[in-house]
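Peer 1: Protein chains in written order, with the working numbering: chain A, 1257 to 1710; chain B, 46 to 331. Just dropping this structure here.
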Amino acid sequence: MRKEMKKAMALLLTAAIGLGSVACGGKTRDTASGEEAVTITIMQANSPDKAYFDKMGDAFTAKHPNIKVEVIAVPYDNFDSKLQTLVASGNAPDITTHVQAMGFMDFYSKDMLLDLSPYIAESGFDYKEAGIPENVMESSMMDGKIYGIPLNTFTSVLVYNKDIFDAAGVEYPPSDYEDKSWTYDKMVEMAKKLTSGEEGNKTYGLLWNWSGTTPAQDPQYFGSNMFNMDEENPAYAKSCNMKTTGVISAYQKMADLAFVEGISPSPAIQQAMAGTNDSEPFLSGRIAMAIEGGWILNGLNELPFKTGVAAIPIGADENVRDVLYTDPYFVMKDSKHPKEAFEFIKFMAGKEMQEQMIKDSEGNPPASTLALGTYYTYFEGVDRQDLENVIEGGLKYGVENIGHTIAGAGEINNLLINELANINNGTAQAADVCPEVGDKLDAVLQKTDPSFQK
Amino acid sequence: METSAVSYGSKKKRRIVDAIVLAMLTLVAGIMCVPIFTMLTTSVKTTGETFQYPPTFIPQTFDFSAYVRVFQKLDLVPHYLNSLFVSILIVIGTLVSSSLIAYGFSRYRAPGKKVLFMLVMSTLMIPYPSVMIPQYILFNKIRWVDTYLPLVVPAFLGSAYMIFLLKQFFSSISNELFDAARIDGCSEFKIFYRIVLPLSKAALASVAIFSFMWSWDDLLGPVIYLSSPEKYTLPVLLAGLVSKFRIPEWNIMMVAALYAALPCILLFIFCQRYFVEGIVTSGIKG
């Protein structure tokens, strides 16, 4: 028995020593170049589309040998928890971007970000020269101060299944955003012609996923804004317009696509087609047209049917055609190496690295228009001219994703997804549901906006 | 005659009840097996077929390439070892600490014991997110962040749920056994080590299974405490396969999930023997 105990103790001790040695393995600082070596950390999603940051870091270190880049890769669903934990404990990464529910306005309103304006002025970085459009840049600016540099801008796109169009003998939709005859009603008419078959084995004409999964944004396409922003503090909204006829009819119109027009799959069918990923129903080959975030382009080459891209039609406001999903990179306020961190972001925003990023990320769009030429030719199965039309038009007529422009977007989003489910499932009318949801949403807005707590 | 007719009737009735119960259990077992079946079939589907709607239950073509491709796509082996290292230590820690604490609570009298036990139990009601940041700050101060220590060391300090489970089991062991051991001159620790533990194999197996499965599946803990990719455990690696911005390769994900589920399945099969054994050996009421 003693032998057994000794064995057990030896095992435990070995394990403890092993753990201890892991604990002691801290960072070493290389001072070979004479200057003190600095390690900057960038916190990023641990997903295939962001795996290129290691290469970016190596390329940067090759040019700046005294700055090492360490990537903290965190799973998408745990990103905000980890970031908040790190910030609360004074261990904030030097650089991050918005990944999960927390967007620019959340970071800004929680005073987590460093004003980059002085660093930009000092380094002579000019975002216009770097090819970043004004409306894209605005997504990370407040009161004239710049808090982040956009490195990716996804537009939303209309993708279509050419095989379904060919079989139905319907002409492909146009890719030119200046074609004013391409309207929402025309798209619905087209979708009716493309819908065929019986439930269970049906081909649907349209999947309208204009806002991604941000229901607060949907009414914008139909001419109504959801929020009345707080003029004193534009990170917050004072109240919502949920009870207005504009918003109510927008939600009803979208639900009717499935339950009145019969041209769209219901949420249940979408779920069955998609699993858990929002962009997948189109991949089933049962949907003729789908409005999705630009990331859907990435998988088009692998599909067993021919695909095309087209402009999103004109809705109520001809200047609000699609949603932009801009990813600005921020330097955190607690960064110990803000100058070096900004230098890395600036490096990634350059034309050369933006082009490299398209290849290394397997098709993420650049924020710099200078690198768009490379992006247009990246997707073999997609017509180059059509893609160019769609991206240029999308950038011109796009509005930034609402999740990035209001504080507390995560909570707002969860509330709306849950509360609007009955409308989307066809079990309730928007006119019956929206007034009550409006009260709940107003309560959330008032809880979030500090001006109500004064 | 009448009695035998009644017994025949009740036998028949029991058979019918048994058949119904069996049918229901088979149905439930069947439902429970659907995810495993889907995991297996999806793993051998081609990527194109995984997106097909309506989905196919039996793959049209059997493509086993995902079983190899998963190793090209993911650095599976080192992360598997990381997970095994952490989970095994957590199991050892939980077994050692929880059994000792539970034994104390079940066999000894002490002032304030009930209050102390209530305090231990009340920790079950604290949700992890509420202690996440304070705990992180603590481990950060003692420079344990980005090591396995914050994941493993707490297991060596006892787990309230396991303490409860073991305490209930230890309390059911007959007092006569302890008296007999003491008369024979057995020390208190020897009673615990030579008598109580061997009798508690069933409960200990449950504790081992639970703590292994919880630590094997744990995503949030490793995500919060580990920052170096080479230290990531398997769930962190697998979570990286899912991206909102990429079309997922379901077949590869299912293969990875199958590999990940393997230790839990093996552990359960292995420990099932102890469950049965535990039931036999604890039948000492006689």
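Beta carbons: idealized from backbone N, C-alpha and C, even for Gly.
Less than 8 Å between the CB atoms is what I'm expecting for A:PRO1569 and A:TYR1428, so what's the real figure, rounded?
Peer 2: Here residue 1569 of chain A corresponds to residue number 313 of the first sequence, with the count starting at 1. Here residue 1428 of chain A corresponds to residue number 172 of the first sequence, with the count starting at 1. Going by Cβ atoms, the distance from A:PRO1569 to A:TYR1428 rounds to 13 Å, so no, they are not a contact pair.
Peer 1: Closer than 8 Å, Cβ to Cβ, to anything on chain A: give me those residues from the segment 284-311 of chain B, in chain order.
Peer 2: Going along the segment 284-311 of chain B in chain order, one finds ALA284, GLY285, LEU286, VAL287, SER288, LYS289, PHE290, ARG291, ILE292, PRO293, TRP295 with a Cβ nearer than 8 Å to chain A.
Peer 1: Hey, would you say A:ALA1623 sits closer than 8 Å to A:VAL1392, going by beta carbons?
Peer 2: Residue mapping note: residue 1623 of chain A aligns to position 367 of the first sequence, counting from 1. Residue mapping note: residue 1392 of chain A aligns to position 136 of the first sequence, counting from 1. A contact, by the Cβ cut-off of 8 Å.
Peer 1: Any idea if A:ASN1481 is buried or exposed, counting beta-carbon neighbours within 10 angstroms, 16 or more meaning buried?
Peer 2: On the first sequence, position 225 is the one that residue 1481 of chain A refers to. By the neighbour-count rule (16 or more Cβ atoms within 10 Å), A:ASN1481 is buried.
Peer 1: When you compare the CB positions of A:PHE1600 and A:PHE1316, do they come within less than 8 Å of one another, or not?
Peer 2: Position 344 of the first sequence, counted from the start, is the residue given in the question as residue 1600 of chain A. Position 60 of the first sequence, counted from the start, is the residue given in the question as residue 1316 of chain A. Yes, the pair counts as a contact, with Cβ atoms nearer than the cut-off.
Peer 1: Do A:ILE1543 and A:ASN1417 have their C-beta atoms within less than 8 Å of each other?
Peer 2: Counting from 1 along the first sequence, the entry for residue 1543 of chain A is found at position 287. Counting from 1 along the first sequence, the entry for residue 1417 of chain A is found at position 161. Cβ atoms of A:ILE1543 and A:ASN1417: closer than 8 Å.
Peer 1: Tell me the rounded alpha-carbon separation between A:GLU1574 and B:THR91.
Peer 2: Indexing the first sequence from 1 puts residue 1574 of chain A at position 318. Indexing the second sequence from 1 puts residue 91 of chain B at position 46. Answer to the nearest angstrom: the Cα atoms are 42 Å apart.
Peer 1: Whole angstroms are fine: how far does the CA of A:ASP1616 sit from the CA of A:GLN1300?
Peer 2: Position 44 of the first sequence holds residue 1300 of chain A. Position 360 of the first sequence holds residue 1616 of chain A. Taking the straight line from one Cα to the other gives about 15 Å.
Peer 1: Give a yes or no on whether 8 Å exceeds the smallest Cβ distance from B:GLN97 to chain A.
Peer 2: Mapped onto the second sequence, residue 97 of chain B falls at position 52. For B:GLN97, the answer is yes, since a Cβ of chain A falls inside 8 Å of its Cβ.
Peer 1: List, in chain order, every chain B residue whose beta-carbon is nearer than 7 Å to that of A:LYS1338.
Peer 2: What you label residue 1338 of chain A is simply residue 82 of the first sequence in a count that begins at 1. In chain order: VAL268, ILE269.
Peer 1: With a Cβ-Cβ cutoff of 8 Å, do A:HIS1660 and A:HIS1354 count as a contact?
Peer 2: Within the first sequence, numbered from 1, the residue matching residue 1660 of chain A stands at position 404. Within the first sequence, numbered from 1, the residue matching residue 1354 of chain A stands at position 98. Yes; because the gap between Cβ atoms is below 8 Å, this pair is in contact.
Peer 1: How would you call A:ILE1547, buried or exposed, if buried means at least 16 neighbouring beta carbons within 10 angstroms?
Peer 2: Reading the first sequence from its first residue, position 291 is the one you call residue 1547 of chain A. So A:ILE1547 counts as buried.
Peer 1: To which residues does DSSP link A:TYR1581 through a beta bridge?
Peer 2: Translated into positions along the first sequence, residue 1581 of chain A becomes position 325. The partner list for A:TYR1581 (beta bridge, DSSP) reads A:PHE1410.
Peer 1: Give a yes or no on whether 8 Å exceeds the smallest Cβ distance from A:LYS1703 to chain B.
Peer 2: Taking the first residue of the first sequence as 1, we reach residue 1703 of chain A at position 447. So no, A:LYS1703 is outside the interface.
Peer 1: Looking at the secondary structure, which residues open and close the alpha helix (DSSP H) in which A:TYR1711 lies?
Peer 2: This structure does not reach residue 1711 of chain A, given that chain A is present from 1257 up to 1710, and the question cannot be answered.
Peer 1: Within the chosen definition, does the segment 207-219 of chain B reach the segment 260-274 of chain B through at least 3 CB pairs nearer than 8 Å?
Peer 2: Too few Cβ pairs lie closer than 8 Å, so no.
Peer 1: Please classify A:PHE1245: does DSSP put it in a helix, a strand, or coil?
Peer 2: In the structure displayed, chain A extends from 1257 to 1710; residue 1245 of chain A sits before or after that span and is not available.
Peer 1: Output, in chain order, the set of chain A residues within a Cβ distance shorter than 7 Å of B:ASN185.
Peer 2: Locating residue 185 of chain B in the second sequence gives position 140, where the first residue counts as 1. By Cβ distance, chain A contributes SER1345, ASN1347.
Peer 1: Taking a cut of 9 Å between CB atoms, which residues from the segment 1491-1509 of chain A lie near chain B?
Peer 2: The segment 1491-1509 of chain A vs chain B, Cβ under 9 Å: nothing.
Peer 1: Can you tell me the Cβ-Cβ gap for A:GLY1682 and A:SER1522, rounded? I've got them flagged as a contact below 8 Å.
Peer 2: Taking the first residue of the first sequence as 1, we reach residue 1682 of chain A at position 426. Taking the first residue of the first sequence as 1, we reach residue 1522 of chain A at position 266. That belief holds up - the Cβ atoms of A:GLY1682 and A:SER1522 are roughly 7 Å apart, short of 8 Å.
Peer 1: Per DSSP, which residues does A:TYR1460 bridge with? Please list them.
Peer 2: Taking the first sequence and counting its residues from 1, one reaches residue 1460 of chain A at position 204. Paired residue(s): A:ILE1543.
Peer 1: Going along chain B, which residues have a C-beta under 9 Å from A:ASN1334?
Peer 2: Within the first sequence, the letter at position 78 stands for residue 1334 of chain A. Ordered by position in chain B, the residues that pass the 9 Å Cβ test against A:ASN1334 are LEU264, LEU265, VAL268, ILE269, VAL281, ALA284.
Peer 1: Under the rule that 16 or more other beta-carbon atoms within 10 Å means buried, what is A:PRO1584, buried or exposed?
Peer 2: Counting from one through the first sequence, the residue named residue 1584 of chain A turns up at place 328. Buried, by the Cβ-count rule.
Peer 1: From what residue to what residue does the alpha helix (DSSP H) around A:ASN1670 run?
Peer 2: Taking the first residue of the first sequence as position 1, residue 1670 of chain A is located at position 414. 1665-1675 is the extent of the alpha helix (DSSP H) around A:ASN1670.
Peer 1: Roughly how many angstroms separate the alpha carbons of B:ILE146 and B:GLU221, rounded to a whole number?
Peer 2: For the purposes of this step, residue 146 of chain B is identified with residue 101 of the second sequence, where counting begins at 1. For the purposes of this step, residue 221 of chain B is identified with residue 176 of the second sequence, where counting begins at 1. B:ILE146 and B:GLU221: Cα-Cα distance of roughly 22 Å.
Peer 1: So for A:ALA1494, helix, strand or coil by DSSP?
Peer 2: As a working note, residue 1494 of chain A is residue 238 in the first sequence. The amino acid at residue 1494 of chain A is misidentified as Ala; the sequence shows Lys. DSSP places A:LYS1494 in strand when its eight states are reduced to three.
Peer 1: Would A:SER1303 pass as an interface residue toward chain B - the criterion being a Cβ-Cβ separation below 8 Å?
Peer 2: One-based indexing of the first sequence puts residue 1303 of chain A at position 47. So yes, A:SER1303 belongs to the interface.
Peer 1: For A:ASN1417, does the three-state DSSP call read helix, strand or coil?
Peer 2: If you number the first sequence from 1, residue 1417 of chain A lands on position 161. Here A:ASN1417 sits in strand by DSSP.
Peer 1: Between which two residues does the alpha helix (DSSP H) harbouring A:GLU1326 extend?
Peer 2: In the first sequence, residue 1326 of chain A corresponds to position 70, counting from 1. Here A:GLU1326 belongs to no alpha helix (DSSP H); instead the beta strand (DSSP E) covers 1323-1330.
Peer 1: Label B:SER175 either buried or exposed according to how many other C-beta atoms from any shown protein chain fall within 10 Å of its C-beta, with 16 as the threshold for buried.
Peer 2: Numbered from its first residue, the second sequence carries residue 175 of chain B at position 130. Classification of B:SER175: exposed, given that the 10 Å Cβ count is below 16.
Peer 1: Is B:ILE182 close to chain A? Criterion is C-beta to C-beta, closer than 8 Å.
Peer 2: Sequence index remark: in the second sequence, residue 182 of chain B carries index 137 (1-based). So yes, B:ILE182 belongs to the interface.
Peer 1: Could you give the DSSP three-state label for B:SER167: helix, strand or coil?
Peer 2: Counted from its first residue, the second sequence places residue 167 of chain B at position 122. Reduced to three states, the DSSP call for B:SER167 is helix.
Peer 1: With a threshold of 8 Å between beta-carbons, can B:ALA251 be considered close to chain A, or not?
Peer 2: Here residue 251 of chain B refers to the residue found at position 206 of the second sequence. Looking at the sequence shown, residue 251 of chain B is not Ala but Ser. By this cut-off, B:SER251 is not an interface position.
Peer 1: Is the beta carbon of A:LYS1607 less than 8 Å from the beta carbon of A:LEU1626?
Peer 2: The residue labelled residue 1607 of chain A in the question sits at position 351 within the first sequence. The residue labelled residue 1626 of chain A in the question sits at position 370 within the first sequence. Closer than 8 Å, so yes.
Peer 1: Can you give me the C-alpha to C-alpha distance between A:LYS1652 and B:ASP108, rounded to a whole angstrom?
Peer 2: Taking the first residue of the first sequence as position 1, residue 1652 of chain A is located at position 396. Taking the first residue of the second sequence as position 1, residue 108 of chain B is located at position 63. Distance between the alpha carbons of A:LYS1652 and B:ASP108: 45 Å.
Peer 1: In chain order, what residues of the same chain have a beta carbon less than 7 Å from the beta carbon of A:LEU1559, not counting five sequence neighbours either side?
Peer 2: For the purposes of this step, residue 1559 of chain A is identified with residue 303 of the first sequence, where counting begins at 1. These residues qualify, in order along the chain: LEU1539.
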